[in-house]
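This report refers to the structure that appears directly beneath it.
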Amino acid sequence: MCDTKAPAIGKRLTTASGVIYYPNTPEGEAAAKEDRNKNMGPGAEEEHHAPAEQPPFDSTDCKTYTDAQWDTGCSKLFKYSHMGIKPNGGGVGPGEVACNWQKLCENILDKVKAQFPALYISSGFRPGKGQSDHGYGRAADIQILGPNKVEMSKQIFKFIGSNGLPYSQLLFEGNWVHVAYGGGSNAASAIGIARDGANFSSWHQRSGAGLPSDLKWA
Ligand SMILES: [Zn+2]
15 MCDTKAPAIG KRLTTASGVI YYPNTPEGEA AAKEDRNKNM GPGAEEEHHA
65 PAEQPPFDST DCKTYTDAQW DTGCSKLFKY SHMGIKPNGG GVGPGEVACN
115 WQKLCENILD KVKAQFPALY ISSGFRPGKG QSDHGYGRAA DIQILGPNKV
165 EMSKQIFKFI GSNGLPYSQL LFEGNWVHVA YGGGSNAASA IGIARDGANF
215 SSWHQRSGAG LPSDLKWA
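Position 39, counted from 1, in the sequence shown is what the numbering used here calls 53; the numbers after and before it change by one each time, with no gaps.
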């Protein structure tokens, strides 16, 4: 699904390799929001999981990023363009966002995509202040589009948890899963459950102890 061609109408663009992205303009950001609302449903615009504090930046093993690299691979299965909007205007500079995104792709998203080839990134980077881990390139909202979104989100959530992927935060939000790598969260709120995408019903430690039965992996 993520490589489906969209009409190039100025608000939604497609890279030469077929990745849909949005221009860094008010129109582009509005189109990104519209598509998030369509794919994710209620809660898509909530910023209820804003972390209090971001950990220090670590540039180890990061490639150099400029917009010339936008449509090139940052990991085995993902490109910088999969973050959806060029990494300008976030909580930190573009090179730092791109580096964080590379690490999220290498450490988490590659492994999820290998297991779920239809995996779709509904939201990667988000410009603006107060955009939680998304504003730093450290988080992605992922889902499998189609009639079984919720069931597929459960499977993705359980796969990430049961395989011990090194997320900093993992949120089950109903239609989608929010996953962050190297972002701001603490152990007590590493895992959150918001079935309607908006209201969190419970928070859990990384071990997943006490998760509801349909989301439990151990
Ligand atoms: Zn998110």
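Just so it is clear, CB atoms sit at the ideal spot from N, CA and C, and this is done for glycine as well.
Go through its chain and collect everything with a Cβ distance to residue i's Cβ below 6 angstroms, but skip five positions before and after it.
i: A45; result: K25, R26 and Y36
i: C113; result: S73 and C76
i: I207; result: F186, S215 and S216
i: S176; result: W231
i: D124; result: S89, K90 and L91
i: P10; result: Nothing can be reported for residue 10: it is not among the residues displayed for the chain, which extend from 15 to 232.
i: F71; result: E110
i: Y79; result: G109 and A112
Report the three-state DSSP secondary structure of residue i (helix, strand or coil).
i: V33; result: coil
i: F171; result: helix
i: Y181; result: coil
i: S137; result: strand
i: L118; result: helix
i: M15; result: Caution is warranted here: a pLDDT of 45 is assigned to M15, below 50, making its placement in the model unreliable, and no coordinate value can be reported.
Which same chain residues, not among the five before or five after residue i, have their C-beta less than 8 angstroms away from its C-beta?
i: G211; result: M54, G55, P56, G57, A58, E60, E187, G188, N189 and W190
i: P226; result: I207 and S216
i: N51; result: A58 and E59
i: A22; result: Annotation note: pLDDT 48 at A22 (below 50); position unreliable, coordinate value reported separately. Once the five neighbours on either side are set aside, the close Cβ partners of A22 are T28.
Which residues bound the beta strand (DSSP E) around residue i?
i: Q157; result: A153 to Q157
i: V106; result: Note, V106: premise wrong, no beta strand (DSSP E); not H, not E.
i: A46; result: No beta strand (DSSP E) holds A46; the alpha helix (DSSP H) holding it covers P40 to M54.
i: A194; result: V191 to A194
Contact check, residue i vs residue j under 8 angstroms by CB: the rounded distance?
i: A150; j: G197; result: According to the sequence provided, residue 150 is Tyr. The question's Ala does not apply to it. At roughly 7 angstroms, the Cβ-Cβ gap stays under 8 angstroms, so Y150 and G197 are in contact.
i: F171; j: L184; result: 7 angstroms
i: A194; j: A128; result: Their Cβ separation, rounded to whole angstroms, is 19 angstroms, which puts A194 and A128 out of contact at 8 angstroms.
i: S136; j: Q157; result: 6 angstroms
i: H218; j: I205; result: 4 angstroms
Can you name, in chain order, every residue of its own chain whose Cβ lies under 7 angstroms from the Cβ of residue i, other than the five neighbours on each side?
i: E120; result: S89
i: Q83; result: Y94
Taking the DSSP output, what are the residues bridged to residue i?
i: L91; result: Note: L91 sits in no beta bridge, so no partner.
i: T78; result: Partner(s): none; T78 has no beta bridge.
i: G206; result: L185 and W217
i: D27; result: A small fix is needed here, since residue 27 is Leu in this sequence, not Asp. Bridge partners of L27: Y35.
With respect to the alpha helix (DSSP H) encompassing residue i, which residues constitute its N-terminal and C-terminal limits?
i: A212; result: Element bounds for A212: n/a, residue is neither H nor E.
i: A128; result: D124 to Q129
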